[in-house]
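Per my numbering, the sequence shown starts with residue 20, numbered consecutively.
Built from N, CA and C at the ideal position, the CB exists for glycine as well.
Source: prediction; values computed, not measured.
Please read the structure below before turning to the comments.
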Amino acid sequence: MCPGCGQPIAACTCKQAKAPVSDGIVRVRLETKGRKGKGVTVITGVPLAEDALIDLGKQLKQRCGSGGTVKDGVIEVQGDHRATVMEALKKHAWVVKA
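Structure follows, in structure tokens:
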């Protein structure tokens, strides 16, 4: 039995990834603060579960040809790739703002 939801372990629903609550707008911005002057493209508000967010982050990093990370529901791509990222995200039919 799962201590969280009381269901059998095979039918546990509390551990399933849930999409974060979002206002429906994906925001893309460039951050340099706290990064020794290096620019990082930050993508927030993507309405995907954690596993799908990791896959999207991998696709965006490959498209931009740079490194990055996905943590706490935020995708970070090294460098200033705002135009490339916004173009790729618009293909998913999301509202994207810079």
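- Shown here, Q78 sits in a helix according to DSSP, grouped into three states.
- Within the model, the alpha-carbon separation for V45 versus D99 is close to 17 Å.
- Fully enclosed alpha helix (DSSP H) runs of no fewer than 4 residues occupy 69 to 83 of the region 46 to 97, in order along the chain.
- When V59, V61 and G76 are compared, the shortest CA-CA separation from L67 is found for G76.
- Taking 8 Å as the upper bound for CB-CB distance, A117 and V47 are in contact here, some 6 Å apart.
- DSSP lists V45 as the bridge partner or partners of V115.
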